[in-house]
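**Student:** Protein chains in written order, with the working numbering: chain A, 1 to 83; chain B, 84 to 452.
The beta carbon of each residue, even a glycine, is placed where N, CA and C say it ideally should be.
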Amino acid sequence: MLVIDPDRTSAETLSGMIEFLDTPNVTIVDDQSWPDAVNRELEIVFLGRGLSQESAHDIATWLQAEQPGVAIVHVRDSNGSGS
Amino acid sequence: MAAVPDLVNKFHLKWPVDLNELGTLLERVRQQKSLACGADPTRFIGLSEASNTVRQLIDQVAPSAATVLVTGESGTGKEVVARLLHENSGRTGEFVAVNCGAIPQDLLESELFGHEKGAFTGASALRKGRFEQADHGTLFLDEIGDMPLSMQVKLLRVLQERVVERVGGVRSIPVDVRVVAATHRDLDARIAEHAFREDLYYRLNVVELNITPLRERREDVLPLLDEMVHRCLRKHGIGVSFADDAIDALRDYDWPGNVRELANLVERLIVVRPHATVRRADLPAEISGLDPCDLSAAETDDVYSLGDMNTAVIDLPEDGLSLREHIESIERTLIEEALAMSDGVVSKAAKLLGLQRTTLVEKIKRLEI
């Protein structure tokens, strides 16, 4: 599992929660290093709340093309925006 | 909101993240991901003559630019065929799929042909339609039989002239798109009902590729089953095997939902009976043909395997007992044993018990374990 978020604090908090839920293999990648994701066997990718809708769209489209089986979750603020 | 793809809308979390919401979402993701091991999109599997014919037709037709109409009941694998036609076509563009029956009528035109900025309220930016996205590739129009008549006219024009006009636009944009359409409907009947245009039917039906229902090619059931189980094993490390009586039941069943129904069954068995040998009695009643009330013998075998509790399960004291309390006691014992076997990891214990993690959490709370 991979957590992508330029806002590292929230990504780490989220990954901590996921570990608490017995989901192993959580890794954090920031907005610079996320293309490395293509070389990995991913299960779920979390796009953090620091990403705008537009960036989330671009990354999600790219990841889906590279790894069609991956599930993508976008974390958004309560008002529905990405950041 | 057109810029946000469906896949992101399918799963989203609101910040700050609620732990329960996150747990529920992870379950949903896992359930949905598990579906991915059901059907192989890269091969049309089967030993039957009908399957051989489909594969031969795909090989013959794929390299041409001919429009193909794929017909067959729901769940037979029409999209798999469309993808194979694209993958063997040598076309350099994308495979783009549109479900014509799932998109509201007033959005379908914009979806297929795109729109210019300001074309209508909410069109805040230019958007390319599916035809343009599939340029030099293949556009798969699923459920074409459900396309509204008003759109059929526009689609016919695009197929004839090979140009599209975005909604609100004035420019004709040339497109090089190979169209594969599919339907589970009887298009002859739709034409007779004046619900489908005859000229569009002939334009689409340059080559017709009919997929036979699974019940008419029963020899394909086992190869499909084998492939699905092995895909799950490779992907998730979880497999199941089948006893002879289960194999017989699967082969005899009519599969009204076709390959999709078989895939769903495999997914369910992988989740609820991981690594087990599935017997006839473990299959849903409509497949096993057994009365669900008459499965006690088979089920108690499973209880024995989890612990020596057969006496507690089947002996009724002369002065009776509280069935509710007794069942709770069995539940408690099994849950405690499963938690012990999985070192307290709830998700592993849930898997051992064939339960969703959230269901097990509820039971742990209710039974105060």
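1. Does the distance between the C-beta of A206 (chain B) and the nearest non-hydrogen atom of the ligand SAM fall short of 7 angstroms?
2. Give me the residue from B:T159, B:I447, B:W98 with the minimum Cα distance to D77 (chain A).
3. Can you give me the C-alpha to C-alpha distance between D398 (chain B) and R407 (chain B), rounded to a whole angstrom?
4. Answer yes or no: do V163 (chain B) and L292 (chain B) have a C-beta to C-beta separation smaller than 8 angstroms?
5. Does the beta carbon of V3 (chain A) come closer than 8 angstroms to any beta carbon on chain B?
6. Confirm, please, whether the CB-CB distance from V312 (chain B) to V304 (chain B) is below 8 angstroms.
7. Would you mind listing the beta strand (DSSP E) stretches within the stretch 218–283 of chain B that are 3+ residues and don't spill past its ends, in chain order?
8. Mind listing the chain B neighbours of L14 (chain A)? Cutoff is C-beta to C-beta under 7 angstroms, in chain order.
9. Alpha carbon to alpha carbon, how far is A71 (chain A) from S147 (chain B)?
10. Could you work out which residue in B:L239, B:H169, B:N103 is closest to D218 (chain B) when comparing CA atoms only?
11. Comparing C-alpha positions only, which one of B:G427, B:Q143, B:L239 sits nearest to L287 (chain B)?
12. With C-beta atoms as the reference, is V73 (chain A) less than 8 angstroms away from I44 (chain A)?
13. Threshold first: 3 residues or longer. Then list the beta strand (DSSP E) segments lying entirely within the stretch 122–166 of chain B, N to C.
14. Tell whether a beta-carbon distance below 8 angstroms holds between P257 (chain B) and Q188 (chain B).
15. Quick one: what does DSSP say N182 (chain B) is sitting in, helix, strand or coil?
16. Which value, in whole angstroms, describes the spacing of the CA atoms of D335 (chain B) and L373 (chain B)?
17. Using a cut-off of 8 angstroms between C-beta atoms, extract the partners of F94 (chain B) located in chain A.
18. Inspect the beta-carbon positions of A206 (chain B) and G158 (chain B) and report whether they are closer than 8 angstroms.
19. Got a sec? Which residues, its chain only, sit under 7 angstroms from L105 (chain B) by beta carbon, not counting five neighbours each side?
20. Compute the Euclidean distance between the alpha carbons of P367 (chain B) and Q139 (chain B), then round it to the nearest angstrom.
21. Of the residues B:V262, B:D225, B:V181, which one's Cα is nearest the Cα of S172 (chain B)?
22. Taking only the alpha-carbon atoms, compute the straight-line gap between F214 (chain B) and L222 (chain B) and give it to the nearest angstrom.
23. In chain A, which residues lie with their C-beta within 7 angstroms of the C-beta of L108 (chain B)?
24. Mind checking whether L130 (chain B) and E302 (chain B) have CB atoms under 8 angstroms apart?
25. So L242 (chain B) contacts chain A; which residues on that side make the cut at Cβ distance below 9 angstroms?
26. Is the CB of K446 (chain B) under 8 angstroms away from at least one CB in chain A?
27. What separation, rounded to the nearest whole angstrom, lies between the Cα atoms of L308 (chain B) and V349 (chain B)?
28. Determine whether the beta carbon atoms of L190 (chain B) and C183 (chain B) lie at a separation below 8 angstroms.
29. Determine the extent of the beta strand (DSSP E) in which I4 (chain A) is found, giving its start and end residues.
30. Taking the alpha-carbon positions, what's the A346 (chain B) to G201 (chain B) distance?
31. Give every residue of the same chain whose Cβ lies closer than 6 angstroms to the Cβ of V64 (chain B), excluding the five residues on either side of it in the sequence, and list them in chain order.
32. Which residue marks the beginning of the alpha helix (DSSP H) containing V355 (chain B), and which one marks its end?
**Tutor:** Taking the structure as given:
1. The ligand SAM is absent from the structure shown, which contains no ligand whatsoever.
2. Working through the first sequence from its first residue, we reach residue 77 (chain A) at position 77. Ranking B:T159, B:I447, B:W98 by Cα distance to D77 (chain A) puts B:W98 first.
3. For the purposes of this step, residue 398 (chain B) is identified with residue 315 of the second sequence, where counting begins at 1. For the purposes of this step, residue 407 (chain B) is identified with residue 324 of the second sequence, where counting begins at 1. Bear in mind that a pLDDT of 48 at D398 (chain B), under 50, signals an unreliable position, so the number given afterwards is only what the model happens to contain. Distance between the alpha carbons of D398 (chain B) and R407 (chain B): 15 angstroms.
4. Translated into the one-based positions of the second sequence, residue 163 (chain B) becomes position 80. Translated into the one-based positions of the second sequence, residue 292 (chain B) becomes position 209. Contact: no.
5. Position 3 of the first sequence, counted from the first residue, corresponds to residue 3 (chain A). For V3 (chain A), the answer is no, since every Cβ of chain B falls outside 8 angstroms of its Cβ.
6. Indexing the second sequence from 1 puts residue 304 (chain B) at position 221. Indexing the second sequence from 1 puts residue 312 (chain B) at position 229. Cβ distance not < 8 angstroms, so V304 (chain B) and V312 (chain B) don't count as in contact.
7. 221–225, 261–266
8. Along the first sequence, read from residue 1 onward, the residue named residue 14 (chain A) stands at position 14. Result: V100.
9. Along the first sequence, read from residue 1 onward, the residue named residue 71 (chain A) stands at position 71. Along the second sequence, read from residue 1 onward, the residue named residue 147 (chain B) stands at position 64. Each residue's Cα considered, the two are about 34 angstroms apart.
10. The count along the second sequence starts at 1 and reaches residue 218 (chain B) at position 135. Here the closest residue by C-alpha is B:H169.
11. Numbered from 1 along the second sequence, position 204 holds the residue referred to as residue 287 (chain B). When only C-alpha atoms are compared, the closest one is B:L239.
12. Along the first sequence, one-based indexing puts residue 73 (chain A) at 73. Along the first sequence, one-based indexing puts residue 44 (chain A) at 44. For V73 (chain A) and I44 (chain A), yes; Cβs fall inside 8 angstroms.
13. 151–155
14. Within the second sequence, residue 257 (chain B) is the residue found at index 174, counting from 1. Within the second sequence, residue 188 (chain B) is the residue found at index 105, counting from 1. No, Cβ-Cβ distance for P257 (chain B) and Q188 (chain B) is not below 8 angstroms.
15. Taking the second sequence and counting its residues from 1, the one referred to as residue 182 (chain B) is at position 99. In the structure shown, N182 (chain B) sits in a strand (DSSP, three-state: E or B).
16. For the purposes of this step, residue 335 (chain B) is identified with residue 252 of the second sequence, where counting begins at 1. For the purposes of this step, residue 373 (chain B) is identified with residue 290 of the second sequence, where counting begins at 1. Roughly 13 angstroms between the two C-alpha positions.
17. Working through the second sequence from its first residue, we reach residue 94 (chain B) at position 11. The contacting residues are A71, I72, V73, H74.
18. Indexing the second sequence from 1 puts residue 206 (chain B) at position 123. Indexing the second sequence from 1 puts residue 158 (chain B) at position 75. No, the pair does not count as a contact, with Cβ atoms beyond the cut-off.
19. As a working mapping, residue 105 (chain B) is identified with position 22 in the second sequence. Within the same chain, L105 (chain B) has close Cβ partners L96.
20. Position 284 of the second sequence, counted from the start, is the residue given in the question as residue 367 (chain B). Position 56 of the second sequence, counted from the start, is the residue given in the question as residue 139 (chain B). Cα to Cα, the separation comes out at about 35 angstroms.
21. Looking up residue 172 (chain B) in the second sequence gives position 89. Out of B:V262, B:D225, B:V181, B:V262 has the C-alpha closest to the C-alpha of S172 (chain B).
22. Working through the second sequence from its first residue, we reach residue 214 (chain B) at position 131. Working through the second sequence from its first residue, we reach residue 222 (chain B) at position 139. Rounded to whole angstroms, F214 (chain B) to L222 (chain B) spans 7 angstroms at the Cα level.
23. In the second sequence, the residue the question calls residue 108 (chain B) occupies position 25. In chain order: V73.
24. Mapped onto the second sequence, residue 130 (chain B) falls at position 47. Mapped onto the second sequence, residue 302 (chain B) falls at position 219. Yes; because the gap between Cβ atoms is below 8 angstroms, this pair is in contact.
25. Here residue 242 (chain B) is taken as the residue at index 159 of the second sequence, counted from 1. None at all; the shortest Cβ gap to chain A is about 27 angstroms.
26. If you number the second sequence from 1, residue 446 (chain B) lands on position 363. Chain A contact via Cβ: absent.
27. As a working note, residue 308 (chain B) is residue 225 in the second sequence. As a working note, residue 349 (chain B) is residue 266 in the second sequence. Rounded to whole angstroms, L308 (chain B) to V349 (chain B) spans 8 angstroms at the Cα level.
28. The count along the second sequence starts at 1 and reaches residue 190 (chain B) at position 107. The count along the second sequence starts at 1 and reaches residue 183 (chain B) at position 100. No, they are not a contact pair.
29. Here residue 4 (chain A) is taken as the residue at index 4 of the first sequence, counted from 1. Looking at the DSSP string, the run of the beta strand (DSSP E) that includes I4 (chain A) is 2–4.
30. Within the second sequence, the letter at position 263 stands for residue 346 (chain B). Within the second sequence, the letter at position 118 stands for residue 201 (chain B). Cα to Cα, the separation comes out at about 44 angstroms.
31. Residue coverage of chain B in this structure runs from 84 to 452, which leaves residue 64 (chain B) outside it and unanswerable.
32. Taking the second sequence and counting its residues from 1, the one referred to as residue 355 (chain B) is at position 272. Unbroken alpha helix (DSSP H) run through V355 (chain B): 341–355.
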